[in-house]
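A short worksheet on the structure shown next.
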Amino acid sequence: MTTHPTRSAWTSRLTRRLSASDTPAAPSVPSEKGAEVGRRIGVGLMYGFWKPRVLGSWRVPATGPVIFAVNHSHNIDGPMVMGVAPRPTHFLIKKEAFVGPLDPFLLRIGQLKVDRDSTDRGAVTQALDVLKNGGVLGIFPEGSRGEGDFAALRAGLAYFAVRGNALIVPVAVLGSSERQGRLVKGLPPLRSRVDVVFGDPFDASDGTGRRTRKALDEATERIQKQLTAHLENAKRLTGR
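FYI, in UniProt numbering the residues of the sequence shown are 1 to 240.
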């Protein structure tokens with residue numbers, strides 16, 4: 001059985017390993033143009049195979065650093081958000097997804113490969129550079145695919161939001177995991193409705209500029225309350 005560190009332990013490890021340098025060496029910043037190409041590909045695929053219903057996309061700030069905090073219950077959640085979002089998005093994606101031809105493809109469309117079993121300094125720095133350049137970072141704050149209920153958050157989202165001075169936009173994807181399709185098992189039924197609900201942007205920091213373990217833990221608690229409330233509201237709006 002795989003065990004996962006507690007929120008405080010994970011935060012402590014992250015801050016300790018990254019505090020040694022504010023500007024560690026890292027690969028180049030992911031391509032904004034590539035992410036826009038990915039968005040256009042996503043639009044075609046998502047609307048071609050399913051029927052996305054997008055609510056609240058007007059809430060996404062038109063400029064400036066933003067983090068999409070997305071619930072995660074199915075593999076199509078990331079591509080779905082990438083396709084329907086009003087801005088090109090750079091998602092942090094587990095390295096296991098970068099296999100075969102998907103490896104160069106995902107990198108070319110501006111996605112970030114991350115090793116979830118360690119503090120991946122390269123991926124962390126790339127993500128912060130996306131925010132520094134005023135871009136949009138996509139994160140599944142639960143760390144992996146699960147119930148999609150924001151029940152257990154890791155502290156990485158708080159770290160990126162505070163360190164990157166970014167607003168968080170909660171995103172609820174509903175309907176992607178309700179039932180399997182007949183033609184392609186493991187995917188939602190073709191032409192079925194999938195709801196994507198964008199929430200109001202919010203600032204997770206406490207305004208003090210602190211980046212301590214305690215500050216990040218407190219920010220994570222605030223974030224969890226906001227995300228849970230958004231998910232409940234999204235379910236009411238969509239009737240899910």
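Ideal Cβ positions, reconstructed from N, Cα and C, are used throughout, including at glycine.
> Taking buried to mean at least 16 other C-beta atoms within 10 Å of its own C-beta, is residue 205 buried or exposed?
Replying inline: buried
>> Please report the straight-line C-alpha distance between residue 131 and residue 48, rounded to a whole angstrom.
In response: 31 Å
>> Quick check on residue 237: does DSSP put it in helix, strand or coil?
In response: helix
>> Using C-beta distances below 7 Å, list every residue in its chain close to residue 62, excluding the 5 sequence neighbours before and after it, in chain order.
In response: None.
>> Measuring straight from C-alpha to C-alpha, what distance separates residue 176 and residue 138?
In response: 18 Å
>> Rounding to the nearest angstrom, what Cα-Cα distance links residue 35 and residue 167 in this structure?
In response: Per the coordinates, the alpha-carbon of residue 35 lies some 19 Å from the alpha-carbon of residue 167.
>> Between which two residues does the beta strand (DSSP E) holding residue 195 run?
In response: Per DSSP, residue 195 belongs to the beta strand (DSSP E) from 193 to 198.
>> Does the beta-carbon of residue 174, which I'm using as the reference point, lie nearer than 7 Å to any heavy atom of the ligand NAD?
In response: This structure does not include the ligand NAD; it has no bound ligands of any sort.
> Do the segment 215 to 233 and the segment 157 to 172 touch if we need at least three Cβ pairs shorter than 8 Å?
Replying inline: Counting C-beta pairs with one atom in each stretch, the segment 215 to 233 and the segment 157 to 172 have three or more that are closer than 8 Å, which means they touch.
> Does the pairing of the segment 231 to 240 with the segment 204 to 222 give three or more beta-carbon distances under 8 Å?
Replying inline: These segments do not touch.
>> Tell me which residues share the same chain as residue 128 and place their Cβ nearer than 8 Å to its Cβ, disregarding the 5 neighbours each side in the sequence.
In response: 160, 163, 164
> Does DSSP put residue 1 in a helix, in a strand, or in coil?
Replying inline: Confidence is the limiting factor: at residue 1 the pLDDT is only 45, short of 50, which leaves the residue's position unreliable, though a coordinate-based value still follows. Coil, per DSSP.
>> Our contact map puts residue 52 next to residue 111 with C-beta atoms below 8 Å; I'd like the distance itself, whole angstroms only.
In response: Actually they are not in contact, since the Cβ atoms of residue 52 and residue 111 sit about 20 Å apart, beyond 8 Å.
> Under the three-state reduction of DSSP, which class applies to residue 155: helix, strand or coil?
Replying inline: coil
>> If you reduce the DSSP assignment to three classes, tell me which class residue 140 lands in.
In response: coil
>> Beta-carbon within less than 7 Å of residue 200's beta-carbon, same chain only, minus the 5 sequence neighbours each way: which residues are those?
In response: 59
>> For residue 32, tell me which candidate among 170, 109, 192 has the shortest Cα-Cα distance.
In response: 109
> Based on the DSSP secondary-structure assignment, which residues constitute the bridge partners of residue 171?
Replying inline: According to DSSP, residue pairing for residue 171 in a beta bridge involves 70, 198.
>> I believe residue 71 touches residue 173 by the beta-carbon criterion, under 8 Å. Please report the beta-carbon distance rounded to the nearest angstrom.
In response: Confirmed, Cβ separation roughly 6 Å.
> Using the C-alpha atoms, what's the distance from residue 189 back to residue 125?
Replying inline: A direct Cα-to-Cα measurement between residue 125 and residue 189 gives close to 38 Å.
>> Tell me the rounded alpha-carbon separation between residue 209 and residue 120.
In response: Looking at the two C-alpha atoms, the distance is approximately 24 Å.
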